[in-house]
Each structure stands twice: as structure tokens, then as C-alpha cells.
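Student: Protein chains in written order, with the working numbering: chain A, -18 to 66; chain B, 344 to 794. Before anything else, here's the structure in question.
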Amino acid sequence: MELDLAISPSGFVFDPRTGATFSANPAARLLLEGMQEGEGLAALVARLQAHFEVGEADDLERDVLEFLRVLQDETLVPAERELEG
Amino acid sequence: MSEKPRYERPSLQRHRSGAMNKMGSFPGLRSKGQIDGVAVGELVERYGSPVFVFSQRTLEDRIRTLRDAMRLRWPRVQLAWSYKTNYLDAICQIHHREGSWAEVVSGMEYERAMRNGVPTSQIVFNGPYKDDASLERALVGQSMVNLDHYDELAAAERIAERLGLRPKVGIRLNMSAGSTPRWSRFGFNLDSGQAWDAVRRLLGGGKLDLAGIHCHLGTFVLDLDAYREAAGKLAAFANRLRDELGVKLDWLDVGGGFASQSRLKSQYLPGEQATPPLSRYAEAVADGLRGLNTPPSEMPLLILETGRALVDDAGTLITTVVANKRLPDGRRAVVVDAGVNTLFTSFWYQHQIHPAVPLHGTPEPTVIYGPLCMNIDVVADSLLFPPVEVGTHLLVGPVGAYNIPQSMQFIFLRPPAVLISPRGEHGLIRRAEVLEDLVSLDRVPDWLRGE
Ligand SMILES: Cc1ncc(COP(=O)(O)O)c(C=O)c1O
């Protein structure tokens, strides 16, 4: 997946196509970076696990898929785009 | 121990102009881990969730504040607790211990007041429908009955005649005052002359004595001028009654309607900024009454039927997050275990919602849904809220007014209510409902039973 975004370490996100800016929390920033590197669902989940202490009730796969929906809603990725396994 | 930061669900917030200062530290959302010194966790463990929690200290403070503020400005003042606002026995009894009488609007409420030990002569009976038996009981018991319409006036006359009594009654007036919407369906209209006609009709009947006038402007009235104007009109009406008809009133009742710290959905400023303190309401009423022309020895009793402003801020609902989801429009949704079945006032008020534990993370526009399978079951819409985990307790307030009597057993049973004493003791003032409470009312007719 290609994501043409400027992402600062503090979570400030800039979309050069539209000029829109966003605040990403640490998990969102990590996922955006992973997506820029073309990672699929499993790799993105692993990335979160590597960086955070995850609780039993957390469902990372669901969170990543929901986050993709948010990106689609914000038109940062095309609506039809799916993550590879 | 792990060095890794605690996982927090991904969140991306688009910047909108002017919204930047709402990010970051998010001063609007304080956590509240206790109510009057009792930990939220302890309350939930003991009584379950959801649970209504009432602060006796706050309730007593409010009652005393209003009473003292009014007494400072008027010689004879009596509070009458508006039963409909919250008629849990313990809540009513706190009012009565503080010296308040009862204000009721149905036979059921009248009986509740009698059960609580209120003498019938200290019950104010209002409302547009007083059934014959209840009206008779109140007239015989020398309650302060405020008549609402001509049919009720005629009913009171029939009862008086049949029993050979000559009861004292009051009449309810409605009027335009300040900027409040007019509740013109109750009582007789003052501005049009209808109220004056009603008085002449009442006196002409020769079976009742006019002893009081009453008005209740509406509820959650933020406009102080409305009280100044209404009290002024009542005083002018009382003067005219004395001057032209020789009527000396025993009571002047300005009803209820003062606002609590809650916030209407349409309201821009939060309650702490928009709601006048009780002393300002007392001042407005006293200002308006200044024109009353009565010798000190014949000063009528000033009755206040304040409901919401006394009990609302004393009540909190503890509810628990049961699910998180994401709506198609990108907003976060949180499902909690109490909805509009329990918090009927969510339809009109934006309640404050505080987590019991500090929440970290980026606040996002969030909708809080109740547990009902109905689209209307929204406890709070468009709230900026940080991520919140399932199992987190949320404190919703102020909810002490009207929620307990208006809550319903729709889909779920009604929750318990707990009182915390000024010394920090706590106990049930209403137990949780069980299925038997409901089904014991049901009947299955013979023809539906098996052979
Ligand atoms: C006649 C009367 N008195 C008093 C009240 C109490 O009003 P509030 O709770 O707004 O003070 C009401 C409420 O509707 C009422 O109808």
C-alpha cells in the first residue's frame, strides 16, 4: 500500500495532496509508518506488539482494520484498498 | 517489568481550525474516582452497575442554601418538596427532616407524602387532574389545593356542599414572564383577565374561600427576570384581590423551575457558567414581591416548590463501558450498561461524563450509546473522549432530578439507588428490581390457559 504522507515523530501528519493535517497517537503513527513500508495486516499487528505492552482484552487485528477504515474515510487511502494478509 | 508503553488504540484526528486547543491535555475531562469519599469501585462491587448514587450532604446543602437565602429576603418562607422530581422515600424524608412540606400532583403522590408522615395540612396539591376521591381527601385534610380549571372548581364546590364544609382553596395562574416559554395550559390566565373572572366565579359560588394563588413558570428557567416579573404580577394580583374584593391570602406560591448545574442540549455555556446561584433566584422573587401591599401581621406565607435545583446535583449514575466500536462516519462509539431507559433526561440534557480512572490518549469525537436495541438510545452524542477500555466505570451527572421517577423497565430492569451519608456511610435507598417485581403484576386470562 502506498501512503504519500509526511509523518513527524511527534505524530503530526501532513497530506501533501490536500494540505490537511492530522494528529496521530503513537499507535496510529506506527501503523502509518508500517503502511508506508507496504506492510500487510500480520506485519502491522506484529509491529504494534513489538512496541507496546498489549492487554488481554485488546484485539489488534480489529483495531488495524478499523484504522484502515478511518484512513479510507479521511480519503488518505482509496476506499477499495485491502491489506494483504 | 516491561519498559514498553501501554497500548492505546490507534487514533487519527483531523485538524480543524480552532480545534487545536482541544487536543493534548484536554482539560475538559477530569476523572472522578470517588463520590463523597467513597470509591467508585467499592460502590460497584457492593451494589453492581449501573447504580444511582445520591449525596445526602449535597442535598442538605442545597435545601439549606435556598431556605436561608429566601428567609433572608422574605419574612415567612416555606419550601414544599416537589415529589415528582424524585419521590424515593429516603430523598423525601431528607427534605421533611429539613422542615420542607410536600408538593404533590396526584393521589399516588399524596399517599406517598402521607406515608412519609407529612400532615395533610402541610401538603400542597397541584396538577391538572385531581380525581374526586383525592380531591375530597385533600379538602377534608385542609391541604393547600390549587385549582387548575373551572371543572375542578365545580368539583370542589360539589364536595364542599355534600360534606357541609367550607374549604380554603388556591388557584393556579399562568402568565407571560421574562423570556421563558409559556406554560399556559395550567391554571387560569392572568394576562387575559381569565384569572380575575375565575376568582369572581369562585367567590360568587359562596362555597369556597380563596386563600392562595400559585404559579409555576416552567422548568430549568435560566432567566432571573422571569421570576422577578412573575412575582411582581402575583403581588399586583394579590393587591387587587385585597383592594377590590377584600380577599386576604394565606399563601403565595411561586412554584419551582430554578435550574440545576445541568446543561440543556441547546445551551452553549456549561451549567457552572450559565446557572444562576440559588441566592440570585431568591433575590429575583423577593424583588418582584416588593410591591405587595400587606400589613406585616397579614403577610402571606411564601411557598417555593423547587425540585430540580435541589436534588439534581446530588445524584450521579455510575455506568460501565461494555463495548467499543467504530461508526461508518469514523466516530468512535462506546456502549454502556445504562441508556435512556435509566436516564430519561438524556433526551434534553448534555450530561457531564467523567471516567472513574484517568484516561490517557487522544480525545476523539465519541458517541455514548445505552444498551437498548433502539436507535434513540443515545446517552451522549459528539463528546470529545479519550479511548476507554471495556469495564471502565463512568460517572454521569447531574442526574438526581426526574430520572428515578421517569426511568422505565424497558428491556432492562431498573437499577438500585444508594445514599451516602455526610459521615461516609452508604446504603440502599432503592433495591435493584428483580423479574418477580414485574411479572407479579401480569395476569393470563382463563381462556388462554391450557385445558
Ligand atoms: C406545579 C409544579 N411545581 C413544582 C415543580 C418542580 O419544578 P422544578 O423541578 O423545575 O423545580 C413542577 C414541575 O414540573 C410543577 O409542575
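Every residue, glycine too, gets a C-beta built ideally from N, C-alpha and C.
With distances taken from CA atoms, which of Q356(B), A573(B), H438(B), V420(B) is nearest F48(A)?
Tutor: F48(A) has its Cα closest to that of Q356(B), out of Q356(B), A573(B), H438(B), V420(B).
Student: Rounded to a whole number of angstroms, what is the C-alpha to C-alpha distance between K365(B) and S4(A)?
Tutor: Note that K365(B) has pLDDT 38, beneath the 50 cutoff, so the model's placement of it is unreliable and no number is given.
Student: Beta-carbon of A27(A) versus every beta-carbon of chain B: anything under 8 Å?
Tutor: Not closer than 8 Å to any Cβ of chain B, the Cβ of A27(A) fails to qualify, so no.
Student: When the cut-off is 8 Å and only beta carbons count, does E42(A) lie next to chain B?
Tutor: No, E42(A) lies away from the interface with chain B (no Cβ there is under 8 Å from its Cβ).
Student: Within the chosen definition, does the stretch 671 to 678 of chain B reach the stretch 709 to 724 of chain B through at least 3 CB pairs nearer than 8 Å?
Tutor: The answer is yes - the stretch 709 to 724 of chain B touches the stretch 671 to 678 of chain B, with three or more Cβ pairs under 8 Å.
Student: Looking at R407(B) and ligand 1, is the gap between the Cβ and the nearest heavy atom below 7 Å?
Tutor: Because no heavy atom of ligand 1 lies under 7 Å away, the Cβ of R407(B) does not count as near it: no.
Student: For H358(B), return the contacting residues in chain A, with the cut-off set at a CB-CB distance below 8 Å.
Tutor: Near H358(B) (Cβ distances below 8 Å), the residues of chain A are A1, T2, F3, S4.
Student: Quick check: the Cα distance between E768(B) and L738(B), rounded to an integer number of angstroms?
Tutor: Near 19 Å, if we compare the C-alpha coordinates of L738(B) and E768(B).
Student: Should R606(B) go down as buried or exposed, given a rule of 16 or more other Cβ atoms within 10 Å for buried?
Tutor: Buried.
Student: Quick check on T(-1)(A): buried or exposed, where buried means 16 or more other Cβ atoms within 10 Å of its Cβ?
Tutor: By the neighbour-count rule (16 or more Cβ atoms within 10 Å), T(-1)(A) is not buried but exposed.
Student: Please determine whether the Cβ atom of A445(B) lies at a distance below 7 Å from any heavy atom of ligand 1.
Tutor: No, Cβ of A445(B) sits at least 7 Å from all heavy atoms of ligand 1.
Student: Out of curiosity, what's the CA-to-CA distance linking E63(A) and Q17(A)?
Tutor: Between E63(A) and Q17(A), the C-alpha separation is close to 14 Å.
Student: At 9 Å on the CB atoms, spell out the chain A contacts of P348(B), in chain order.
Tutor: Those are P7, H32, F33, E34, listed as they occur along chain A.
Student: Hey, could you find the ends of the beta strand (DSSP E) N667(B) is sitting in?
Tutor: Note, N667(B): beta strand (DSSP E), 658 to 669.
Student: Give the residues from the stretch 697 to 719 of chain B that approach chain A closer than 7 Å (Cβ to any Cβ), ordered along the chain.
Tutor: Against chain A - using a Cβ distance shorter than 7 Å - the residues of the stretch 697 to 719 of chain B are G704, T705.
Student: State the DSSP-derived secondary structure class of H694(B), mapped to helix, strand or coil.
Tutor: Looking at H694(B) - three-state DSSP - the assignment turns out to be coil, as it is neither helix nor strand.
Student: Based on DSSP bridge pairs, tell me the residues matched to I(-12)(A).
Tutor: Beta-bridge pairing links I(-12)(A) to V(-6)(A).
Student: Applying a beta-carbon distance threshold of less than 8 Å, which residues of chain B neighbour L12(A)?
Tutor: By Cβ distance, chain B contributes P353.
Student: Helix, strand or coil for S519(B) per DSSP?
Tutor: Coil at S519(B), not helix or strand.
Student: How about N489(B) and N469(B): do their beta carbons lie closer than 8 Å?
Tutor: Contact flag set, yes.
Student: Give me the residue from L516(B), M487(B), V483(B) with the minimum Cα distance to R501(B).
Tutor: Minimum Cα distance to R501(B) is reached at V483(B).
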